[in-house]
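Going letter by letter, the sequence shown gives residues 37 to 826 in the working numbering. For glycine and all other residues, C-beta sits at the position ideal for the given N, C-alpha and C. What follows is a set of notes on a single structure, which appears directly below.
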Amino acid sequence: MPSLLPPDENPVADVSPGLASVLPFLYVAWADGLLAPGEVATLRDRVGTLDGLSDADRDRARGWLDPQNPPDATTYFRWVRTIREAAPHIPDAANKTLADLGCELARVAGESDGIAATPEARQALTEIEEALGLSTREVVRDLVERHLPPHASGDGQAGAPPEPPSSFDIAALRTVVDGPHRDIRDRVRSLLRDPAFTRPDPETPDDEYRDVVLGWTRLLAEQGIGALAYPESAGGQDDIGKFIAAFETIGFHDLDLVVKFGVQFGLWGGSVNQLGTDKHREKYLPATGTLELPGAFAMSERRHGSNVRDLQTTATFDRETDEWIIHTPEERDHKEWIGNAARHGRIASVFAQLVIDGEGYGVHAFVVPLRDEKGEVLPGIRIGDSGHKMGLNGVDNGRLWFDHVRIPRENLLNRFADVSASGEYTSPIPSASKRFFVMLGTLVGGRIAVGSGANSAAKAGLTIAVRYAEKRRQFGPAGGEEVLLMDYLSHQRRLLPLVAKSYGLSFALHDLAQTFADLPAGGDTREIEAEAAALKSAASWHATRSLQEAREATGGEGFRWTSRIASRKADSDIFTTFEGDNTVLMLQVAKGLLAGYKQEFTDMNAFGMLRYVRDLADVRFGEINPLARRKADAATLADPDWHASLFERRERQLLVTAAQRLKGRMDRGDDSFEAFVEVQDHLLTLAHAHADRLILSRFRAALDGDVSSTAPAPSGETKRVLELVYRLYALTTLEERRGWYLEQGLFEGNVSKAIRTEINSLLHRMRPLAKGLVMAWGIPDEVLASDLVR
């Protein structure tokens, strides 16, 4: 048989078939990163004893396998070319072992017996291969079939196949996920698709961008969206649930619009609606709902953000003129980060210490004009711009100073307290502390809305990342086509658990919004406040994490402005701070849990605290059955009762042990403030456990149709899909918290391992569902506005 080796210029063209048989091993010896120098030396010794090689062949092979004197690049690449040019003459060459490929090369080189035919020679090559300890079939595939798949180009995207179809009814799932008020959600989706809502160039100056966002807000106002929560007499529908649903849907689009919309209609208008009386609603809300009267919500100060009770701005009553005098006592006591203040706002609800005859009555809200109808700042008021920010530069945040600004007595928002012309202070709530918390409690709808908006931002980022991963290909088996990013377990691990948590947060927030909407006037909001604080914090932290993961999961493409991940990431970051700093809120959640919602957040002295923690501190937990700690079969891991028991046990045990630590410190003489400071790490862990359990329980309730909202219960294939999503949320949360469970002996190491294995199995089952799960959120492409999904 004539030789099929390369022509005369190839230094191995005249080698014997025996030497041809070791060409694959020569390649392996010098391919980057396959063998260490010591392993090359071992291979050299083995080849030196190989039967079937002449002395000359043996010397030549050993010379090429000298770690101190490697072959030059020309020689190496000629070996590679020799093997690849011979490969078409070898049946199924890509699936050969190194030994088999060597024997076939000897045959192609012209040998009809010897190396190519004898079992002894083949066995000798096989033993050399086994000694290397490599996955040699992959090495062979890489060697003989390396090429680009026909659909791919340099960026792994051009000519890519379309995104795969979903394997379930997306519309049916969306009906369940949208929950109540789907009509308003669809209406807002349709509005946001209009070209009028196209985002401006990122280089647009701040003032121009702010005017664009104002224009968007006005378009929504013209459609009655802003006034949804206001009384019908003020042009609204008296439906806070619809308002929150609209706010959540706007969150898919642009967070500047979310914040501008929220400041105007939720904070300014909401404070008038919730803290004022009919005279205020009639006077201000009609023009507020149409945006004829742009307003601001002036609560936070430079030195007092979360600590509202100690605000320094004063409102002093002047009997002689029947007016309030609004004043900023020191330069650094100005109102800070006030939305709508820097450019557009004409009026504000200003929170200030109410003072009569030198006596303080606590923080109250007052309506204070800022600008006239022409936009000129009124006397006694100084306004500054908060400046260019990390994000949300379409919102005109500003600073406010008041220099003895006079307003009518009627401008006190007097739902919970009033002052007569003679200066008599009256309130239906005798306790100043309770009055303060009741006042703040009426504004809890804003906190629910912010949590919902944050989750929408997370959904938008995850939708972009998942859809991109359904088209983008990177790497793959040697000789095979590159693999979709979404097919990698690592990519599923980074995105799908976040998708699952967004589902859980949706159900929890929808249920909470409906509970709040159904609350009768004057109803107790304390438990709702605690849930709102926990879920707002959980949702905004989730948005921060999800958008960062989405940015990383889309590589450099996600870093570009046109991906719309980067801008959402920058704009959403502040959601962890406004409407309450998350860490502060979570500490308040823990206090509420300790008091069983029987007392307002933060309002407990040592006596009051001891009253609540004493009984909790006496609780004892029974021993866990050793068999239960080790139980890790598939049925257990899929059992919602098992999930619930573990989530509930964690929350309850953390609550009891926190009470025990607090009681111990107060028993030794610490005051309640000192005791709380010393156990804040414990309290934060408790609050996180509470949020985890809330999300799990509301997710489960939604699956079972046992929720406050009017959303339809899932059934059939839709319920089967949601069961998988629920299970993924439950198990990935247990995996994240496994350190605590192992530390407490609630499950053992084998259970932790089984949870990890089951998550991987779930991800494999959910892989075909990935695109459908994000499409069910119903975010139009025009609203995503990302070039990564076009």
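Use the C-beta contact count for residue i: other C-beta atoms within 10 angstroms, 16 or more gives buried, fewer gives exposed.
i	result
N309	buried
Q104	exposed
G375	buried
E567	buried
T499	buried
L525	exposed
E563	exposed
D607	buried
D609	buried
S189	Because S189 carries a pLDDT of 33, less than 50, the predicted location of this residue cannot be relied on, and the following value inherits that uncertainty. Under this definition S189 is an exposed residue.
K835	Nothing can be reported for residue 835, as the shown portion of the chain is limited to 37 through 826.
V363	In the sequence as displayed, the identity of residue 363 is His instead of Val. Buried: at least 16 other Cβ atoms inside 10 Å.
H440	exposed
M475	buried
H578	buried
Pick from the options: whose alpha carbon is nearest that of residue i?
i	options	result
I484	R503, N450, A574 and R407	A574
K296	D432, A129 and A821	D432
D136	K470, I164 and K667	I164
E687	F709, L732 and R600	L732
V825	A505, N491, A157 and A167	A505
N343	V474, K807 and V399	V399
E412	F438, E779 and G381	G381
A670	F712, R792, K755 and E517	R792
G306	A680, D554 and A263	A263
K470	T561, H340, A549 and G540	T561
I361	P322, F387 and R451	F387
R508	G591, A570 and D454	G591
T613	V404, V486 and S788	V486
L621	R697, A695, L532 and L722	L722
L327	E258, L520, D178 and D717	E258
T580	L55, F611, P556 and G752	F611
S422	G54, A384, P405 and R379	R379
K410	D93, L329 and V83	L329
W27	A384, E565 and V76	Residue 27 lies beyond the range of the chain shown here (37 to 826); nothing can be said about it.
Quick one: what's got a C-beta closer than 7 angstroms to residue i's C-beta in the same chain, skipping five residues either side?
i	result
P186	Caution applies to P186, whose pLDDT of 35 falls short of 50 and renders its modelled position unreliable; the model cannot decide the point.
D290	R235
F233	W252 and H289
L820	A496, T499, I500 and R600
D346	H340
Just to confirm my understanding: we take residue i, look at its own chain, exclude 5 residues before and 5 after, and list those with CB closer than 6 angstroms. What are they?
i	result
R435	H370, E372 and G420
L809	V535
Y777	F783
D823	T598
A457	D358
D149	Any reading at D149 must be qualified, since the residue scores a pLDDT of 47, below 50, and its modelled position is unreliable; the value itself is stated next. Closer than 6 angstroms at Cβ, skipping near neighbours: no residue.
R445	D358
S336	E372 and W373
Shorter than 8 angstroms from the beta carbon of residue i to some beta carbon of chain D?
i	result
V344	Structure shown: chain D not included; a single protein chain is present.
Per DSSP, which one or two residues make a beta bridge with residue i?
i	result
A332	A384
P405	I383
Q348	Bridge partners of Q348: none, in fact.
D354	E359
V787	Answer by DSSP bridge pairing: none, since V787 is not bridged.
G396	V391
V248	Beta-bridge pairing links V248 to no other residue.
I164	Its beta-bridge partners do not exist; DSSP assigns none.
K371	E337 and L436
V413	R407
Below 8 angstroms CB to CB, which residues in the same chain sit around residue i once its five sequence neighbours on both sides are set aside?
i	result
G99	N105
R604	L291, A493, A496, G497 and L583
E684	R729
S57	G88, G138, C139, L141, A142, I151, A152, A157 and L161
E710	R701
**Prompt:** At what residue ranges does the region 477 to 555 contain a whole run of the alpha helix (DSSP H), taking only runs of 4 or more?
**Reply:** 480 to 505 and 525 to 554
**Those runs of the alpha helix (DSSP H) which lie wholly inside the region 44 to 117 and span at least 4 residues** = 53 to 56, 59 to 66, 73 to 84 and 91 to 100
**Request:** Please specify which runs of the beta strand (DSSP E), each continuous and at least 3 residues long, are wholly inside the region 418 to 468, giving them in chain order.
**Result:** 434 to 438 and 441 to 444
**Message:** Quick check for students: name the residue ranges of the alpha helix (DSSP H) that lie wholly in the region 709 to 767, counting only runs of 4 or more.
**Reply:** 716 to 740
**Item:** Segments of 4+ residues assigned as alpha helix (DSSP H) that fall wholly inside the region 270 to 350
**Value:** 276 to 286, 291 to 297, 305 to 311 and 314 to 325
**Request:** Identify every run of the beta strand (DSSP E) within the region 579 to 620, keeping only runs that are complete inside it and at least 3 residues long; order them along the chain.
**Result:** none
**Inside the region 664 to 694 only - alpha helix (DSSP H) runs reaching at least 4 residues** = 670 to 673
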